[in-house]
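Sequential numbering from 11 applies to the sequence shown in the numbering used here. Think of the CB as a built atom: it goes at the ideal place given N, C-alpha and C, for glycine as much as any other residue. Treat the numbers as computed from the prediction; the structure is a model and nothing was measured. Worksheet: one structure, shown below.
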Amino acid sequence: MIIKLCPQRRDDELVLSKRSDVLTINGERFDFRGVPEGAVLPASAVDCEFVVGDVTRLSGELIITLLLPCGPGATESARFPFDIVSPPDGKVSLPQ
Numbered sequence: 011m012i013i014k015l016c017p018q019r020r021d022d023e024l025v026l027s028k029r030s031d032v033l034t035i036n037g038e039r040f041d042f043r044g045v046p047e048g049a050v051l052p053a054s055a056v057d058c059e060f061v062v063g064d065v066t067r068l069s070g071e072l073i074i075t076l077l078l079p080c081g082p083g084a085t086e087s088a089r090f091p092f093d094i095v096s097p098p099d100g101k102v103s104l105p106q
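This is the structure we're talking about:
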């Protein structure tokens with residue numbers, strides 16, 4: 011899995027965990043195991059305001075873009091985040 015982050019100035023919070031290709035975003039579970047190789051699931055088909063880009067699977071990797079809320083004191087790593095590549099199952103560590 012590759013999680014791309016799109017920072018946006020907001021005061022809310024993103025809490026993210028994963029298990030296989032299932033993401034739990036702020037307590038709500040989203041199962042992407044059914045996305046086949048080469049397919050594109052439009053962001054508009056996912057009922058979650060934090061999914062801001064199409065969900066794809068390329069070379070076996072699920073690729074998803076999520077909005078990353080950044081407060082007024084956000085660090086540079088939050089304002090210019092790197093992709094999260096192959097995170098282990100469990101809580102996903104996000105830049106603050």
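CB of residue i within 8 angstroms of CB of residue j, strictly
{"i": "Leu78", "j": "Pro91", "result": "yes"}
{"i": "Leu33", "j": "Leu104", "result": "no"}
{"i": "Leu72", "j": "Asp64", "result": "no"}
{"i": "Arg29", "j": "Asp93", "result": "no"}
Closest by C-alpha distance to residue i, when choosing among the options
{"i": "Thr85", "options": "Val61, Leu68 and Gln18", "result": "Gln18"}
{"i": "Val62", "options": "Pro46, Ile35, Gly70 and Gly83", "result": "Ile35"}
{"i": "Asp22", "options": "Ser96, Pro82 and Val95", "result": "Pro82"}
{"i": "Cys58", "options": "Lys101, Arg39 and Val45", "result": "Arg39"}
Span separating the alpha-carbon of residue i from that of residue j
{"i": "Ser69", "j": "Arg89", "result": "29 angstroms"}
{"i": "Met11", "j": "Arg67", "result": "9 angstroms"}
{"i": "Ala53", "j": "Arg20", "result": "20 angstroms"}
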